[in-house]
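Residue numbers (the UniProt record's numbering), protein chains in the order written: chain A, 1 to 429; chain B, 1 to 254; chain C, 1 to 533; chain D, 1 to 379. Backbone N, C-alpha and C fix where the C-beta goes; we use that ideal spot for every residue, glycine too. What follows is a single structure, written as structure tokens, with notes after it.
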Amino acid sequence: MNSNRREFLGTALAGATFLGASRLPAAAQQETIKVGILHSLSGTMAISETTLKDVMLMLIEEQNKKGGLLGKKLEAVVVDPASNWPLFAEKARELITKDKVAATFGCWTSVSRKSVLPVFKELNNILFYPVQYEGEESERNVFYTGAAPNQQAIPAVDYLAKEEKVERWVLAGTDYVYPRTTNKILEAYLKSKGVKPEDILINYTPFGHSDWQTIVSDIKKFGSAGKKTAVVSTINGDANVPFYKELGNQGIKATDIPVVAFSVGEEELAGIDTKPLVGHLAAWNYFQSIKTPENEAFIKQWQAFTKNPKRVTNDPMEAHVVGFNMWVKAVEKVKSTDPDKVIDALPGIEAPNLTGGISKMLPNHHITKPVFIGEIKDDGQFDVVWKTDGLVPGDAWSKELDGSKDLVGDWVEKKCGNFNVKTGKCGAA
Amino acid sequence: MNAPVPGALTSSLLYLDGVSVSFDGFKAIRGLSLTIEPDEMRAIIGPNGAGKTTMMDIITGKTKPDVGTVMFGGTVDLTKLDEAAIANLGIGRKFQKPTVFDSHTIEDNILLALKSKRTVGKTLFWKTEEPQQKRIDDILGIIRLADRRDRLAGSLSHGQKQWLEIGMLLAQDPKLLLVDEPAAGMTDGETAQTAVLLKEIARDHSVIVVEHDMGFIRELGVKVTVLHEGSVLAEGPLDHVSANERVVEVYLGR
Amino acid sequence: MSFLHRLKHALVILVALVAASVASIAQTTDEAFKRLAADSYSDTSRAIEMLVASAHPNAAQIVEALGDGRLLAGPSDVVVKTTAGGFVDARTGQALGAAPDGLKPVRLNNAVRRAVQAALGGLGLLNPDPAKRIAAAEAVFKSRDAGLLPVVEAAIGRETDPPALKALRQAQAAILIARPDAQPLDRLAAVEVLYERGDQDALATLRALPGDATPALREAQAKAIAAIEGRLRLWAIVQNLWYGLSLGSVLLLAAIGLAITFGVMGVINMAHGEMVMLGAYTTFVVQELIRANAPGLFDWSLAIALPAAFIVAGAVGIAIERGVIRFLYGRPLETLLATWGISLILQQAVRTAFGPTNREVGAPAFMSGAFELGGLAITYNRLWIIVFAALVFAALLAILKLTPMGLQMRAVTQNRRMASAMGIRTGRIDALTFGLGSGVAGLAGVALSQIDNVSPNLGQSYIIDSFMVVVFGGVGNLWGTLVGAMTLGVANKLLEPYAGAVLGKIALLVCIILFIQKRPRGLFALKGRAVEA
Amino acid sequence: MIARFLLQNMDRRAGIFLAILLALAVLVPAANLLLPASSPFHVPTSTLALWGKYLCYALLAVSLDLVWGYCGILSLGHGAFFALGGYAMGLYLMRQIGTRGVYGNPVLPDFMVFLNWQELPWYWWGFSSFPFAMLMVLLVPGLLAFVFGWFAFRSRVTGVYLSIITQALTYALLLAFFRNDMGFGGNNGLTDFKDILGFNVQAQATRAALFSMTCVMLAAGFLIARGIVVSKLGKVVIAVRDAESRTRFLGYRVDRFKLFVFTVSACMAGVAGALYVPQVGIINPSEFAPANSIETVIWVAVGGRGTLVGAALGAVVVNGAKTMFTSGFMAPYWLFALGGLFVVVTLFLPKGILGTAEALWRRRRKPETMPAAEPAPAE
């Protein structure tokens with residue numbers, strides 16, 4: 001009776017979405033090489049990731065101007081994982097199986113990387129990950145163009161100890177894996193350098209923490225024990241603005257208690273009035289203020305592309321530039337975009353970074369990078385006050401942690417991401 | 001069946017003494033005392049704000065009195081119980097504004113009211129047995145809605161809802177029925193029928209009827225209690241109380 | 001630091017007014033200016049010492065300029081860019097028409113900055129302006145440089161201004177206490193002075209007592225430290241209360257708009273946070289305009305932004321009410337869904353219009369910095385936000401209680417049918433009420449732009465807390481919202497030191513959940529039969 | 001008796017819905033495993049994974065519809081029960097990794113190794129056993145719901161207040177699970193699963209099996225929910241939704257009925273979460289995010305509140321739309337579309353897709369009757 005029409009409607013709708021969902025943007029012409037861009041354009045991470053999407057679009061456009069790759073044009077496939085981790089996995093699968101991308105550039109947070117990792121392994125494709133992270137990973141299908149802890153955290157601490165004579169340390173971070181691991185590493189490292197436990201204060205705050213009054217005043221207290229004190233900040237992007245505002249207001253000057261940050265770059269500072277922060281530090285592998293021909297060209301190109309003469313550049317953007325160029329070179333070398341061939345070709349590939357050096361892809365799928373320490377200037381830029389002489393090779397596995405000190409990643413000889421030098425076996429066990 | 005319980009403080013079914021309650025300073029009930037005998041029908045009248053509805057709220061446990069005793073069946077202190085417990089003791093209520101379950105069919109409304117164990121398990125695996133179905137049919141007959149049993153209660157007219165609610169009262173088979181303005185919004189014919197129905201019920205139930213409609217009260221022809229400002233102003237046969245000039249003054253002077 | 005020793009000798013000379021030979025001065029200064037041009041931090045620091053040592057007439061001016069990055073150096077000459085914007089030849093001190101070409105500002109790092117401070121400390125002690133002298137004394141107090149003792153004492157000798165004298169004595173004490181060769185009695189007296197000062201820095205100085213100290217001194221030090229710590233502990237509690245109040249005021253601002261839309265109208269407005277965000281972005285736009293057109297007005301930017309934010313958010317609010325919500329009255333849970341959709345749209349709209357990254361909202365002068373009140377450090381922006389929250393609250397209360405519009409609002413919310421029967425145009429009142437609530441949220445946005453990110457996600461981070469506050473305080477009651485916000489704020493801050501930020505917040509949420517069990521309608525619930533219906 | 005309970009007065013709609021589920025359960029995996037990729041009827045694994053996810057959401061939606069659509073309890077915290085079920089499954093999957101973690105630690109998961117935890121926290125014990133884990137999938141959400149509901153319903157917290165504190169509940173859990181000290185992997189959550197009951201979770205066959213399992217569970221969940229709402233208890237619950245105090249005066253202990261439905265629904269949500277985790281390959285605290293719970297409410301509203309089938313339908317439609325909008329040229333603007341959808345639905349389809357379709361249909365048939373589960377003005 002009356003119900004069957006109802007049914008019909010229901011099923012029809014269900015069917016419709018089924019079809020709709022199952023045939024998504026069909027691949028256009030065959031003669032393009034597709035490149036996946038997996039960065040959140042909405043949700044909490046859009047703040048950081050949207051820029052990276054734009055940078056990739058710019059790079060691909062440039063490459064096409066140069067005649068594309070292997071005689072074919074590159075085609076960017078943009079998806080929005082919306083800062084939702086399972087959606088990252090879904091979108092990765094979509095990029096690889098539906099759009100048949102040759103490689104994917106994406107992810108910002110560790111959790112998003114962890115979420116797509118199984119997909120890239122299962123479907124054997126390539127991910128370029130451009131953000132500094134906690135290390136402790138070396139996967140065949142992932143290339144880490146951001147800094148490992150030994151390319152950022154440890155040099156920064158060395159600088160403070162040497163140049164600023166710091167004896168007392170506050171390790172402040174957002175409560176997630178990157179700060180946790182980095183602080184574990186730093187704690188071990190500092191103790192090995194003879195810092196007493198009572199001279200280290202570790203503090204974790206939730207994401208997007210906005211009321212810093214108590215913590216900043218605690219730091220002030222901790223700093224008044226008659227020893228030179230510094231803060232090593234692994235506070236996540238969003239929470240930094242209120243943190244620095246509070247620092248400025250409570251009158252903590254860089255000359256009293258310098259703060260060195262690992263997640264604060266030009267983009268983050270663009271949201272703050274930096275006058276009270278002059279002299280606080282950040283450790284990166286790239287600064288916009290670094291004067292090299294490559295960098296100046298890149299900045300000009302970027303500001304032209306975004307039609308915004310004030311638009312800043314930052315470290316993860318450079319990571320994408322380097323990663324993209326490495327991928328292009330590898331593809332040209334093997335005359336193919338076949339993931340297996342490219343993966344094997346990438347280690348050893350060299351590409352110029354924007355700071356005048358030549359970065360090299362290592363067997364553990366991390367790259368060599370210079371390390372810079374910059375002081376915040378009142379114009380929101382950084383003034384490089386220290387740099388490593390050469391380029392520092394990225395360690396996949398930290399020497400400071402018991403769990404991982406015997407591990408190395410080597411995809412060239414050992415074909416293994418976690419080879420245990422003690423047991424001489426792959427897979428640590 | 002309603003013989004005084006041994007050891008009871010009183011032989012009466014319902015016994016209110018010195019009950020008072022106030023909302024934010026406003027004394028809705030002050031020192032109200034009232035007793036209802038088994039199988040008695042009592043009409044309660046009084047101007048608006050006399051505390052009629054509040055009295056019912058107190059008896060049914062919706063409102064807890066500030067002071068005073070409310071005993072049921074001589075032994076049970078109603079002030080200690082919640083609505084559900086009181087209802088299960090056998091006190092049924094019909095609201096001033098008829099409240100039935102609009103999105104249920106008329107039959108289901110009766111079914112929900114039908115006397116039975118009210119536990120989760122029992123209702124989950126409920127199966128309507130023959131006698132229960134018969135009882136439902138009877139009640140539907142009594143309230144003249146048998147032919148509309150599958151309609152949604154929401155689709156009924158005001159008067160029909162009144163009847164349905166009375167039917168639900170019957171289904172509950174309570175010892176005491178509290179009926180709030182049953183004749184409101186009814187045609188004279190319906191009103192007459194309602195009076196008959198209530199008298200019918202009153203044969204083996206105690207009933208408290210709150211009503212404005214004097215004609216209706218007259219038809220019931222029962223003892224009347226006049227409430228004013230939360231306490232009893234007069235009590236007795238309708239002619240007797242309507243002769244009382246205080247009452248007249250209260251009604252006219254309002 | 002070794003250079004401070006040289007600095008010390010230099011100042012001893014300076015104070016003793018033994019003028020070194022003109023030639024040597026010229027030499028050292030030439031050397032110093034060369035180093036300034038060398039663009040190396042160590043050279044710059046060295047240059048500072050030499051300048052001070054050389055007792056060069058412009059030394060103070062030069063070092064000060066260097067400190068604010070107003071010192072331009074080149075191979076040939078060094079120029080001071082005056083605060084007025086003119087140029088002065090550092091060597092001769094005579095004004096120049098314009099800066100010669102090929103000059104680069106001398107760069108600083110923290111080491112150089114410290115050198116500058118120390119130098120200014122030394123030089124400033126004899127500065128005619130007492131404020132400058134106090135600042136200088138503070139610098140010495142921090143640097144604790146024994147070399148400056150003679151200068152300090154000399155300064156004390158001629159000091160007339162009491163506060164400056166106090167500062168100088170403290171500086172002297174800071175130096176003395178760390179000096180083995182000083183008189184034991186002096187050092188004991190120093191402990192006393194530091195105890196008088198009794199703040200974190202004093203504590204730091206006392207703790208830095210070297211190992212040589214005599215038992216008597218040790219004892220005095222221990223006593224002083226204990227006493228100061230005790231005092232500070234008390235202040236810490238007060239401080240925490242203050243933090244609690246300021247957090248409470250933020251919560252109040254975020255929630256009070258909701259107390260109207262949700263509390264008074266019963267509309268669950270999930271887009272409330274976005275109204276706050278719009279307010280913040282309005283502030284940003286206003287500041288941009290001011291920066292571009294009338295920089296002089298910058299300190300007034302917030303004052304100008306307030307009405308703008310109120311109007312923008314209020315207008316959007318009215319639009320939402322007329323466009324969507326009015327069709328949903330009596331179905332509060334449906335409004336929840338619709339407004340949630342609206343909040344998504346607003347967020348993405350702002351993201352598209354302003355980009356996803358944070359925008360900078362500057363702090364006007366009167367809102368930056370902090371001041372000490374006893375042991376209490378009070379930051380101006382927090383202070384102003386508290387004041388602002390109080391004003392907004394009072395204003396709202398007045399509107400609802402005193403104005404005819406407020407009267408009509410309450411009438412409509414209490415009995416819609418009756419109100420319309422009395423000829424109140426309920427539709428109009430609804431729109432206005434919702435607009436008012438949204439506008440107030442906009443005002444909150446102006447305040448929050450001073451302490452938080454101005455990003456499309458701004459609103460999201462406050463919406464839940466706001467609902468907690470309103471529900472906790474009791475729907476439909478502004479006072480409830482006030483008490484609710486303050487209670488939550490203070491409780492949060494009192495918990496934080498022990499439980500940490502996260503656990504503290506969790507504990508609080510659990511408390512609210514349990515509290516609602518006890519008082520299902522919040523702190524200030526309406527009673528009586530009216531509520532049941 | 002159970003069979004009777006589940007199948008009592010089965011109507012056409014339910015029948016067809018179950019038929020569809022059964023068909024999906026059989027045909028889709030078959031089309032995925034047996035047919036060659038070239039065949040036009042071949043279902044790619046990605047679609048399989050996608051639809052597995054949708055159907056988990058559908059089960060969550062059904063569970064929410066049970067409490068909201070029929071009992072009038074708008075839970076803004078149902079994501080919490082979903083996530084807890086997911087975590088229970090996640091713990092099991094983590095324990096299955098064994099020595100295959102990057103550090104090859106037989107006991108500790110990787111994240112515990114490099115944050116040098118010394119031993120496994122007690123609350124991880126037993127999760128290496130599948131039966132125990134499955135028990136927890138039901139028990140943990142169920143227990144939380146029971147305790148929470150016992151407090152809330154007994155003290156008659158209703159309407160908006162209830163919604164807000166359910167939100168507080170899931171928010172508190174969100175914060176708690178973010179903490180690394182909790183030992184649930186903090187923000188990264190649990191991931192990099194190897195196998196389930198000895199089968200590789202990545203394997204196509206396993207995926208297919210999980211998909212079928214999801215269909216079956218959704219069917220089961222639907223039957224249970226349906227059994228409840230058509231029983232007399234269902235009638236009572238609807239009565240509570242429409243006139244709570246009246247129901248009390250009839251002698252029903254309203255709080256107990258609410259508690260029962262709420263707990264059942266929570267268990268159902270837990271199962272949904274447990275099926276969800278192995279298919280998406282990660283569980284992390286963001287599943288507790290209040291926004292997720294609100295979205296679930298919206299699926300139900302879109303599909304049609306108080307029509308269990310509609311809830312499932314809504315979940316699939318909204319998520320399908322999300323999948324489409326978040327790729328290609330729409331990517332930067334999809335939030336407009338999604339937000340717009342919610343506004344439009346609440347304004348013009350207050351009964352949701354299914355409810356409206358029904359209403360239209362009935363208007364042409366018998367104007368005066370309405371479906372038993374007509375959404376009443378919520379309180």
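Name the two residues that bound the continuous alpha helix (DSSP H) containing B/Y15.
-> Looking at the DSSP string, B/Y15 is not in any alpha helix (DSSP H); the run it does join, the beta strand (DSSP E), is 14-23.
Would you check if the distance between the CB atom of B/A87 and the CB atom of D/F257 is smaller than 8 Å?
-> No, they are not a contact pair.
Are the stretch 456-475 of chain C and the stretch 506-517 of chain C touching, with three or more C-beta to C-beta distances below 8 Å?
-> Contact between the stretch 456-475 of chain C and the stretch 506-517 of chain C is present: 3 or more CB-CB pairs across the two stretches fall below 8 Å.
Interfacial residues, the stretch 452-477 of chain C to chain D, with Cβ spacing under 9 Å = With the criterion set as a beta carbon lying under 9 Å from some beta carbon of chain D, the members of the stretch 452-477 of chain C are Q460, I463, I464, F467, M468, V470, V471, V475, in sequence order.
Count the C-beta pairs between the stretch 114-129 of chain B and the stretch 66-74 of chain B that are closer than 8 Å, then say yes if the count reaches three, no if not.
-> Segments in contact, no.
Just how far apart, CA to CA, sit D/D192 and C/Y380?
-> Straight-line spacing of the CA atoms in D/D192 and C/Y380 works out to 49 Å.
Hey, would you say A/F120 sits closer than 8 Å to A/V142, going by beta carbons?
-> Between A/F120 and A/V142, the C-beta gap is smaller than 8 Å, which places the two residues in contact.
Check each candidate in C/L478, C/K505, C/N127 and name the one with the smallest Cα separation from C/D465.
-> Closest option to C/D465, Cα to Cα, is C/K505.
Can you find a C-beta in chain B that's less than 8 Å from the C-beta of D/A311?
-> No, its Cβ sits nowhere closer than 8 Å to a Cβ of chain B.
Output, in chain order, the set of chain A residues within a Cβ distance shorter than 8 Å of C/V502.
-> Those within 8 Å of C/V502 in chain A are D175, Y204, T205, P206.
Cβ neighbour criterion (16 or more within 10 Å) applied to D/E119 = With fewer than 16 Cβ atoms within 10 Å of its Cβ, D/E119 is classed as exposed.
Interface residues of the stretch 92-109 of chain A facing chain D [CB-CB below 7 Å] | Cβ contacts with chain D come from R93, E94, T97, K98.
With distances taken Cα to Cα, identify the nearest neighbour of B/E129 among B/I143, B/L114, B/L140, B/T35.
-> For B/E129, the closest alpha carbon among the candidates B/I143, B/L114, B/L140, B/T35 is that of B/L114.
Do B/T225 and B/R42 have their C-beta atoms within less than 8 Å of each other?
-> Yes; because the gap between Cβ atoms is below 8 Å, this pair is in contact.
Locate the alpha helix (DSSP H) running through C/A226, then write down its first and last residues.
-> 215-258 is the extent of the alpha helix (DSSP H) around C/A226.
CA-to-CA distance, A/T44 to A/N236, given in whole angstroms | As the crow flies, the alpha-carbon of A/N236 is around 12 Å from that of A/T44.
At least one CB of chain D closer than 8 Å to the CB of C/F327: is that the case?
-> Yes, its Cβ sits closer than 8 Å to a Cβ of chain D.
Report the three-state DSSP secondary structure of C/D39 (helix, strand or coil).
-> When secondary structure is reduced to three states using DSSP, C/D39 falls in the coil class, being assigned neither helix nor strand.
Relative to the alpha-carbon of D/A274, which residue among D/L55, D/D65, D/M89, D/P44 has its alpha-carbon at the smallest distance?
-> Ranking D/L55, D/D65, D/M89, D/P44 by CA distance to the CA of D/A274 puts D/M89 first.
Please state if the CB of D/F114 and the CB of A/L401 are separated by a distance shorter than 8 Å.
-> Yes, the pair counts as a contact, with Cβ atoms nearer than the cut-off.
Pairing CB atoms from the stretch 474-492 of chain C with CB atoms from the stretch 444-458 of chain C, are three or more of them under 8 Å?
-> With a cut-off of 8 Å, the stretch 444-458 of chain C and the stretch 474-492 of chain C do not count as touching, because too few Cβ pairs lie within range.
Is it the case that the Cβ atoms of D/L84 and D/W124 are separated by a distance below 8 Å?
-> Taking 8 Å as the Cβ cut-off, D/L84 and D/W124 do not qualify as a contacting pair.
When the Cα of D/Q202 is compared with those of D/I16, D/P36, D/S46, D/G15, which residue comes out closest?
-> Of the candidates D/I16, D/P36, D/S46, D/G15, the one whose C-alpha sits nearest the C-alpha of D/Q202 is D/S46.
Evaluate C/S343 with the Cβ neighbour count: other Cβ atoms within 10 Å of its Cβ, from every protein chain shown; 16 or more gives buried, anything less gives exposed.
-> C/S343 is buried by the Cβ-count criterion.
Does any residue of chain A bring its CB to less than 8 Å from the CB of C/R291?
-> Not one chain A Cβ lies under 8 Å of C/R291.
Interface residues of chain C facing D/G340 [CB-CB closer than 8 Å] = In chain order: G341, I345.
Which partner residues does B/M71 have in the DSSP bridge list?
-> For B/M71, DSSP records a beta bridge to B/Y15, B/D77.
Pick out whichever of D/M213, D/D195, D/F81 has its Cα sitting closest to the Cα of D/L169.
-> Nearest C-alpha to D/L169 among D/M213, D/D195, D/F81: D/F81.
Take B/T194 and list the residues in its own chain whose beta-carbon comes closer than 6 Å to its own, dropping the five residues that flank it on each side.
-> So the list reads P182, A183, once near-sequence residues are dropped.
What span of residues does the alpha helix (DSSP H) with C/M418 cover, start to end?
-> It spans 416-421 - the alpha helix (DSSP H) in which C/M418 sits, taken as one unbroken run.
Could you say if the stretch 229-239 of chain D and the stretch 95-109 of chain B meet the contact criterion of at least three C-beta pairs nearer than 8 Å?
-> Under the three-pair Cβ rule at 8 Å, the stretch 229-239 of chain D counts as touching the stretch 95-109 of chain B.
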